[in-house]
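Position 194, counted from 1, in the sequence shown is what numbering that gives the first Met the number 0 calls 193; the numbers after and before it change by one each time, with no gaps. Glycine residues also receive a C-beta, built at the ideal position from the N, C-alpha and C atoms. Worksheet: the structure to be examined is printed underneath.
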Amino acid sequence: MQRKPLEPEMELFRDQARRFFQQQIRPHSEAWRKARIVDRSAYRKAGDQGYLCMWADEAYGGLGLKDFRYDQILIEENVFHGDPGFFLTLHGRLVGPYLSHFGNEEQKARFLPGMISGETILAIAMTEPDAGSDLAGMKSRAVEQGDHWVLNGAKTYISNGLNADLVIVAAKTHPDNAHGVTLFLVERGMEGFERGRNLEKMGLKSQDTAEMFFRDVKIPKANVLGQVHKGFYQLMQGLAEERLIAACGNIAAGRLALQITQEFVRQRKVFGKPLSQMQNTRFKLAALDAEIDMAQVYVDRCVEVHNEGKLTADDAARAKLLTSEINGRMVDEGVQLHGGAGYMEEYEICRLYQDERVHRILAGSSEIMKEIIARATLDAAR
Numbered sequence: 000m001q002r003k004p005l006e007p008e009m010e011l012f013r014d015q016a017r018r019f020f021q022q023q024i025r026p027h028s029e030a031w032r033k034a035r036i037v038d039r040s041a042y043r044k045a046g047d048q049g050y051l052c053m054w055a056d057e058a059y060g061g062l063g064l065k066d067f068r069y070d071q072i073l074i075e076e077n078v079f080h081g082d083p084g085f086f087l088t089l090h091g092r093l094v095g096p097y098l099s100h101f102g103n104e105e106q107k108a109r110f111l112p113g114m115i116s117g118e119t120i121l122a123i124a125m126t127e128p129d130a131g132s133d134l135a136g137m138k139s140r141a142v143e144q145g146d147h148w149v150l151n152g153a154k155t156y157i158s159n160g161l162n163a164d165l166v167i168v169a170a171k172t173h174p175d176n177a178h179g180v181t182l183f184l185v186e187r188g189m190e191g192f193e194r195g196r197n198l199e200k201m202g203l204k205s206q207d208t209a210e211m212f213f214r215d216v217k218i219p220k221a222n223v224l225g226q227v228h229k230g231f232y233q234l235m236q237g238l239a240e241e242r243l244i245a246a247c248g249n250i251a252a253g254r255l256a257l258q259i260t261q262e263f264v265r266q267r268k269v270f271g272k273p274l275s276q277m278q279n280t281r282f283k284l285a286a287l288d289a290e291i292d293m294a295q296v297y298v299d300r301c302v303e304v305h306n307e308g309k310l311t312a313d314d315a316a317r318a319k320l321l322t323s324e325i326n327g328r329m330v331d332e333g334v335q336l337h338g339g340a341g342y343m344e345e346y347e348i349c350r351l352y353q354d355e356r357v358h359r360i361l362a363g364s365s366e367i368m369k370e371i372i373a374r375a376t377l378d379a380a381r
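Here it is as structure tokens:
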């Protein structure tokens with residue numbers, strides 16, 4: 000089924016984005032994989048095109064594009080023509096909006112221009128070595144002292160962990176309240192702020208994922224983001240969009256894996272005829288093609304609803320659960336149909352398989368998505 004046509008200006012935007020990823024990102028992908036980090040210049044190049052924090056007002060240097068479909072286009076074109084470890088959407092659409100929603104005017108004027116240009120790369124630090132994504136179990140602490148806060152703690156699995164110049168760090172500030180968390184803007188170079196290892200991962204090899212350590216870091220009160228003790232609720236507000244971002248990437252990656260596999264089975268011969276003529280191959284790929292098409296319709300509808308400001312947590316969870324599971328099945332079947340070639344990293348399906356596995360975990364595992372959906376359906380019916 001053909002997707003709903005976009006407006007002409009959006010199709011032009013897609014064409015321009017495709018050329019950008021093909022010319023400025025994909026040629027460097029292999030070098031970045033080996034270096035295990037995307038070169039900082041990639042963010043500046045994206046900034047030059049206006050692709051970072053596109054929602055930001057023109058007064059700060061942004062494009063003022065509030066329509067999420069523009070970000071969906073960037074996600075899709077990066078999947079097909081860029082590098083999966085180039086997390087421009089994490090920077091511009093996942094972390095950046097925290098400044099828009101909760102930052103004061105002084106913070107916006109100070110940080111938004113660099114965020115938009117790509118000079119200031121963003122990360123968000125929630126996950127901890129012992130607590131995982133359980134914010135209530137967070138051990139990082141910040142204590143108010145006069146005109147500043149003192150931050151101590153450790154974070155792990157932080158995307159853009161080495162490249163980041165500005166990190167939104169969540170820390171407990173109310174010891175008697177499990178949800179008494181505050182968000183702090185921690186800047187590169189602050190005394191006591193240190194990076195740990197660039198963690199070696201199964202996939203997304205070009206993405207720098209690191210540990211962070213905070214040892215008596217003095218945070219000026221001007222770097223408190225939003226209300227003190229309200230960080231937990233601020234973080235919750237961004238989860239639906241984070242899961243929609245994941246769903247857009249999942250379904251694009253599943254479609255790419257399908258296309259790669261379709262082309263391979265057309266060329267691969269078994270018992271004197273193309274593998275694509277074998278009923279087992281045809282039926283399996285036909286079923287996955289149908290699943291991907293149906294999921295795409297749901298994701299596109301979620302994007303429409305999100306633009307209306309009405310995307311619910313459970314609908315976003317459905318999109319994330321459905322697309323990550325379909326993507327997982329697609330890359331697994333793709334490797335199987337490639338045979339021995341599918342196990343070789345020189346084949347793209349192998350890399351897609353490695354990259355996919357984390358998507359059933361990040362932004363909330365499949366099990367957590369099921370629990371959110373269950374609460375909205377089973378518990379609400381009582």
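Only exposed fits T376, as fewer than 16 other CB atoms lie within 10 angstroms of its CB. Taking C-beta atoms as the reference points, G91 and C52 count as a pair closer than 7 angstroms.
In terms of Cβ geometry, V180 and F101 do not form a close pair [threshold 7 angstroms]. For H178, the three-state secondary structure derived from DSSP is coil. Assignment of beta-bridge partners to T208 by DSSP yields S158.
Shown here, Q144 sits in a strand according to DSSP, grouped into three states. A55 carries a coil assignment under DSSP once its states are collapsed to helix, strand and coil.
DSSP places G195 inside the beta strand (DSSP E), whose first and last residues are F192 to N197. Taking a contact to require three or more Cβ pairs closer than 8 angstroms, the stretch 62-81 and the stretch 10-21 qualify as touching. Taken through DSSP and simplified to helix, strand or coil, K65 comes out as coil.
As for any alpha helix (DSSP H) of minimum length 4 sitting wholly inside the stretch 85-130, the runs are 95-101 and 104-116, ordered along the chain.
Judged by DSSP in its simplified three-state form, L224 adopts strand.
By the Cβ test, the stretch 355-374 is in contact with the stretch 326-346, since at least three Cβ pairs between them sit closer than 8 angstroms. If you check the CB distance, A246 and T322 come in under 7 angstroms. The stretch 199-218 makes no contact with the stretch 254-270; the number of CB pairs closer than 8 angstroms stays below 3. A318 and L243 have their C-alpha atoms roughly 7 angstroms apart. N326 has no beta-bridge partner at all, per DSSP.
Along the length of the stretch 317-367, whole alpha helix (DSSP H) runs at least 4 residues long occupy 347-355, reported in chain order. CA-to-CA, the gap between G248 and G145 works out to about 44 angstroms. Take R140, set aside five residues on each side of it, and the residues of its chain with a beta-carbon closer than 7 angstroms to its own are N151, G152, A170 and K171, in chain order.
Taking a 10 Å sphere around the C-beta of N162, we find 16 or more other C-beta atoms and assign the residue as buried. Nearest Cα to M9 within the set R68, K272, S99 and A41: R68. Check the Cα spacing between K220 and each of L320, N306 and N103: the tightest is with N103.
If the five residues before and after M114 are omitted, its C-beta is found closer than 8 angstroms to the C-beta atoms of L51, C52, A55, H90, G91, G95, L98, L121 and L165, all from its own chain and listed in chain order. In this structure, the alpha-carbon of P4 lies about 11 angstroms from that of D299. Judged by DSSP in its simplified three-state form, K272 adopts strand. When only Cα atoms are considered, I371 and A316 end up about 7 angstroms apart. Rounded to the nearest whole angstrom, the C-alpha separation of A286 and V304 is 27 angstroms. For I259, the enclosing alpha helix (DSSP H) stretches over residues L238 to Q266.
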